[in-house]
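> For the sequence shown, position 465 (counting from the first letter as 1) is numbered 464 according to numbering that gives the first Met the number 0, and the numbering increases by one without interruption.
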Amino acid sequence: MGQHEREHEHVRVAVIGSGFGGLGAAVRLRREGITDFVVLERAGSVGGTWRDNSYPGCACDVPSHLYSFSFAPNPDWPRTFSGQEHIRAYLEHVADVFRLRPHIRLDHEVTMMRWDAERLWWEIEIGGNGVTLTADVVVSATGPLSDPKMPEIPGLSTFPGKVFHSARWDHDYDLRGKRVAMVGTGASAIQIVPSIQPDVARLTLFQRTPPWVMPRMDREITGVERWLHRQLPFTGAARRGLLWGIRELQVSAFTKRPNELGLIESLAKSNMARAIKDPALRAKLTPDYRIGCKRILLSSSYYPALAEPNVDVVASGLAEVRGSTVVAADGTEAEVDAIIFGTGFHVTDMPIADRVVGAEGHTLAESWKDGMQSLRGATAAGFPNWMTIIGPNTGLGNSSMILMIESQLNYMADYLRQLNVLGGRAALAARPSAVGAWNRRVQERMKRTVWNTGGCTSWYLDANGRNTTVWPGTTSEFRRATREVDLGEYEVVRAPMPEREPVEASAVSA
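1. Any chance you could list the alpha helix (DSSP H) runs of at least 4 consecutive residues sitting entirely within the segment 145-201, in chain order?
2. Verify whether the separation of the beta carbon atoms of Ser17 and Val37 is less than 8 Å.
3. To the nearest angstrom, report how far apart Arg510 and Tyr301 are at their CA atoms.
4. Our contact map puts Ala425 next to Leu418 with C-beta atoms below 8 Å; I'd like the distance itself, whole angstroms only.
5. For the segment 371-384 and the segment 431-441, state whether three or more C-beta atom pairs, one from each stretch, are separated by less than 8 Å.
6. Quick check: what's the CA-CA separation for Gly240 versus Leu65?
7. Let me know if Trp226 comes out buried or exposed under the rule of 16 or more other beta-carbons within 10 Å of its beta-carbon.
8. Can you tell me where the alpha helix (DSSP H) holding Trp49 begins and where it ends?
9. Taking the alpha-carbon of Pro147 as reference, which of Phe158, His164 and Ala140 has the nearest alpha-carbon?
10. Counting only the same chain and skipping the five closest in sequence on each side, list residues whose C-beta sits under 6 Å from that of Glu8.
11. Looking only at its own chain, which residues have a Cβ that is under 7 Å from the Cβ of Ser505, when we skip the five neighbours before and after it?
12. Can you give the Cα-Cα distance for Leu305 and Glu334, rounded to whole angstroms?
13. By the three-class DSSP mapping on this structure, what secondary structure does Val484 have?
14. Near His170, what residues of its chain come up, given a Cβ to Cβ distance below 8 Å and the 5 sequence neighbours on each side ignored?
15. Since Ile189 and Pro209 are thought to touch, with beta carbons under 8 Å apart, how far apart are those beta carbons, to the nearest angstrom?
16. Taking Cβ positions, are Ala166 and Thr203 nearer each other than 8 Å?
17. Just checking my contact of Leu363 with Phe382 at CB under 8 Å: how many whole Å lie between their CB atoms?
18. Alpha carbon to alpha carbon, how far is Trp458 from Gly185?
19. Note down, in chain order, each residue of its chain lying with its Cβ closer than 6 Å to the Cβ of Arg27, except the 5 sequence neighbours on either side.
20. Here's a check: name, in chain order, each residue in its chain whose Cβ is nearer than 7 Å to the Cβ of Val313, leaving out the five neighbours to either side.
21. Hey, could you find the ends of the beta strand (DSSP E) Phe36 is sitting in?
22. Just reading off the beta strand (DSSP E) that Asp135 is part of, what are its end residues?
23. Would you tell me roughly how many angstroms separate the C-alpha atoms of Arg104 and Ser81, rounded to the nearest one?
24. Give me the DSSP bridge partner(s) of Gly23.
25. Could you tell me whether the Cβ atoms of Tyr355 and Met149 are closer together than 8 Å?
26. Along the chain, where does the alpha helix (DSSP H) containing His524 start, and where does it finish?
27. Please classify Thr324 as buried or exposed, where buried requires at least 16 neighbouring CB atoms within 10 angstroms.
28. Quick check: what's the CA-CA separation for Val510 versus Leu22?
29. Taking only runs that begin and end inside the segment 347-412, name each unbroken alpha helix (DSSP H) of 4 or more residues, in chain order.
30. Which residue wins for smallest C-alpha separation from Pro350, given the options Cys292, Thr254, Glu108 and Arg281?
31. For the beta strand (DSSP E) containing Phe340, name the first residue and the last one.
32. May I ask you to check if the CB of Asp336 is nearer than 7 Å to at least one heavy atom of the ligand GTP?
33. Would you tell me roughly how many angstroms separate the C-alpha atoms of Pro101 and Asp95, rounded to the nearest one?
34. CB-CB under 6 Å to Asn438, same chain, minus the five flanking residues each way: which ones, in chain order?
35. For Phe344, write down the residues that DSSP places opposite it in a beta bridge.
In structure tokens, the structure reads:
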């Protein structure tokens with residue numbers, strides 16, 4: 000073993016992130032008999048987006064029995080749509096039950112990953128502590144909802160009050176009696192607004208585009224139900240299966256027949272009309288695009304909160320801050336003590352992509368400058384033995400991302416099996432032709448979907464207007480597409496043979 004190899008730790012697999020994707024990958028690795036792996040987590044605890052998002056009212060808009068691992072059912076979910084604290088506790092439980100703690104390195108933020116074409120491994124730099132390790136395979140599970148997006152607003156830096164993003168909630172700041180501006184009307188905002196509205200003196204909501212909002216049919220799961228799921232596990236599995244099946248049947252309306260969504264729009268308008276009696280406010284809150292084009296949001300308390308006298312809805316985006324005055328693009332002004340941004344995340348421009356340098360010496364971000372694309376949502380051309388969980392075109396518009404994650408874990412497991420079969424120092428590099436073929440197929444199917452034809456601009460679309468986020472099919476179709484690795488879509492890369500020393504003729508004759 001050479002000097003370079005002795006200077007650092009080497010592992011078979013390095014997993015980046017400890018949310019659902021990272022912990023799921025760790026469980027699957029152990030089940031595949033692979034114990035030579037680490038999970039690198041930049042924060043001080045596991046949980047991913049459910050650790051970072053702890054704002055008031057934070058909860059999942061997918062039923063809990065479906066928003067959990069199939070291999071780790073939780074019979075004790077307290078509500079149909081359980082809150083952030085329960086989801087985070089579930090992930091901590093997974094880390095404990097599956098004995099993942101010894102593999103997890105907390106406070107280990109990856110600052111750079113470089114492919115070593117000679118040794119066929121990834122060199123990984125960890126910031127802050129000078130640690131470097133190498134790995135044969137990298138599984139990037141940083142997720143699309145990990146890095147908050149803050150808009151550049153003129154004057155914001157000189158605002159004298161409090162400013163924070165919903166994903167970086169300041170729990171030490173007391174909102175009671177304050178004048179608050181809420182910027183954005185996405186999934187986080189519609190949970191925050193009804194949670195803080197009763198306590199603030201005045202709430203000004205800046206809304207560029209109104210969302211479609213359906214009632215959230217949430218309720219407490221009874222003790223009898225929980226007992227039944229504990230004693231008879233198949234009842235929990237049946238509940239999960241029913242939730243999954245209903246959503247699978249809904250997919251065709253989103254992907255093939257968007258015009259059939261008109262009935263759902265009528266129900267959403269009725270939901271609004273029950274709470275919003277003011278015609279002018281109702282007009283502000285009524286979207287002008289097909290339902291489903293943006294993610295359909297679920298809340299039974301959002302519209303009632305907006306109807307309260309201490310709430311102002313500004314049908315315009317925040318354009319400028321002048322001292323303690325926030326100014327909308329339409330000129331509306333309001334004096335506020337705090338500004339909360341619910342402006343989403345870096346989804347189509349994931350920051351981790353700037354930290355991955357592939358076989359050709361350029362970063363993943365440079366490779367994706369014209370739009371993200373991968374092979375089966377997992378691997379990218381020019382980046383051997385590197386894959387991502389929740390990669391391009393793996394998002395869902397109406398179901399649980401855990402289903403997609405588990406499909407990608409199947410693909411990851413077979414990828415590693417194929418490497419073991421190849422033996423020696425080997426790598427699998429996605430062929431550009433295969434990546435191109437897969438993405439042409441995905442984009443062709445995308446043309447008819449509501450996400451592309453619904454008349455809205457959403458975070459599903461990248462800067463070029465391409466939908467590189469959502470999967471245009473059912474979760475069953477994706478599972479079939481990722482059941483196993485097709486070696487025809489990959490180039491097998493072998494480590495270069497060491498050059499032999501020239502042999503003198505006299506030595507041969509001797």
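Where is the CB? At the ideal position from N, CA and C, for every residue including glycine.
All values reported here derive from a predicted model rather than from experimental measurement.
Taking the geometry as given:
1. You should have 188-195.
2. Start at 1 with the first residue of the sequence shown, and residue 17 comes out as number 18. Start at 1 with the first residue of the sequence shown, and residue 37 comes out as number 38. Against a cut-off of 8 Å, the Cβ pair of Val37 and Ser17 comes out as no contact.
3. Outside the modelled stretch of the chain, which goes from 0 to 509, sits residue 510, for which no answer is possible.
4. Within the sequence shown, residue 425 is the residue found at index 426, counting from 1. Within the sequence shown, residue 418 is the residue found at index 419, counting from 1. Between Ala425 and Leu418 a beta carbon distance of about 6 Å is seen, short of the 8 Å cut, so the two are scored as contacting.
5. Contact between the segment 371-384 and the segment 431-441 is established, with three or more Cβ pairs separated by less than 8 Å.
6. If you number the sequence shown from 1, residue 240 lands on position 241. If you number the sequence shown from 1, residue 65 lands on position 66. Their Cα atoms are separated by approximately 8 Å.
7. By one-based count along the sequence shown, residue 226 stands at place 227. Exposed is the call here.
8. Indexing the sequence shown from 1 puts residue 49 at position 50. From DSSP, the alpha helix (DSSP H) with Trp49 extends over Thr48 to Asp51.
9. Position 148 of the sequence shown, counted from the first residue, corresponds to residue 147. Distance check between Pro147 and each of Phe158, His164 and Ala140 places His164 closest, using alpha-carbon atoms only.
10. The residue given as residue 8 occupies position 9 in the sequence shown. Hits under 6 Å: Leu132.
11. To locate residue 505, count along the sequence shown from 1; it is residue 506. Confidence in Ser505 is poor, its pLDDT being 42 and thus under 50, which makes the residue's placement unreliable; the coordinate value appears in the next sentence. Result list for Ser505: empty, nothing under 7 Å.
12. Taking the first residue of the sequence shown as position 1, residue 305 is located at position 306. Taking the first residue of the sequence shown as position 1, residue 334 is located at position 335. Straight-line Cα distance between these residues: approximately 19 Å.
13. Taking the sequence shown and counting its residues from 1, one reaches residue 484 at position 485. Three-state result, Val484: coil.
14. Your numbering for residue 170 matches position 171 in the sequence shown. Contacts found: Ser53.
15. Looking up residue 189 in the sequence shown gives position 190. Looking up residue 209 in the sequence shown gives position 210. In fact, because the Cβ distance is near 11 Å, the residues do not count as touching under 8 Å.
16. Translated into the one-based positions of the sequence shown, residue 166 becomes position 167. Translated into the one-based positions of the sequence shown, residue 203 becomes position 204. Result no, Cβ atoms of Ala166 and Thr203 do not sit closer than 8 Å.
17. Start at 1 with the first residue of the sequence shown, and residue 363 comes out as number 364. Start at 1 with the first residue of the sequence shown, and residue 382 comes out as number 383. The beta carbons of Leu363 and Phe382 sit about 6 Å from each other, so the pair counts as a contact at 8 Å.
18. Along the sequence shown, one-based indexing puts residue 458 at 459. Along the sequence shown, one-based indexing puts residue 185 at 186. About 10 Å.
19. Here residue 27 refers to the residue found at position 28 when the sequence shown is read from its first residue. The answer, listed in chain order, is Leu408 and Ala412.
20. In the sequence shown, counting from the first residue as 1, residue 313 sits at position 314. Leaving aside the five residues that flank Val313 on each side, the residues in its chain whose CB is nearer than 7 Å to its CB run, in chain order, Thr203, Leu204, Phe205, Gln206, Ala327 and Thr331.
21. Locating residue 36 in the sequence shown gives position 37, counting from the first residue. For Phe36, the enclosing beta strand (DSSP E) has its first and last residue at Phe36 to Leu39.
22. Indexing the sequence shown from 1 puts residue 135 at position 136. Where Asp135 is concerned, the enclosing beta strand (DSSP E) stretches over Val130 to Ser139.
23. Sequence index remark: in the sequence shown, residue 104 carries index 105 (1-based). Sequence index remark: in the sequence shown, residue 81 carries index 82 (1-based). So the alpha carbons of these two residues sit roughly 28 Å apart.
24. For this step, residue 23 is matched to residue 24 along the sequence shown. For Gly23, DSSP records no beta bridge to any residue.
25. Here residue 355 refers to the residue found at position 356 when the sequence shown is read from its first residue. Here residue 149 refers to the residue found at position 150 when the sequence shown is read from its first residue. The residue asked about is misnamed: residue 355 is Val in this sequence, not Tyr. The answer is no: Cβ separation not under 8 Å.
26. The requested residue 524 is not part of the displayed model; the chain covers only 0 to 509.
27. On the sequence shown, position 325 is the one that residue 324 refers to. Thr324 should be labelled exposed.
28. The chain is shown from 0 up to 509; residue 510 falls before or after that span and cannot be answered.
29. Qualifying alpha helix (DSSP H) stretches, in chain order: 363-366.
30. In the sequence shown, the residue the question calls residue 350 occupies position 351. Comparing Cα-Cα distances from Pro350 to each of Cys292, Thr254, Glu108 and Arg281, the minimum goes to Glu108.
31. As a first step, residue 340 is located in the sequence shown; it is residue number 341 there, counting from the start. Ala337 to Phe340 is the extent of the beta strand (DSSP E) around Phe340.
32. In terms of ligand content, the structure shown is empty, and the ligand GTP therefore cannot be addressed.
33. The residue labelled residue 101 in the question sits at position 102 within the sequence shown. The residue labelled residue 95 in the question sits at position 96 within the sequence shown. The alpha-carbon atoms of Pro101 and Asp95 are separated by roughly 10 Å.
34. Your numbering for residue 438 matches position 439 in the sequence shown. Taken in chain order, the residues that qualify are Gln372.
35. As a working note, residue 344 is residue 345 in the sequence shown. DSSP, once it has assigned bridges, lists Pro147 as partnering Phe344.
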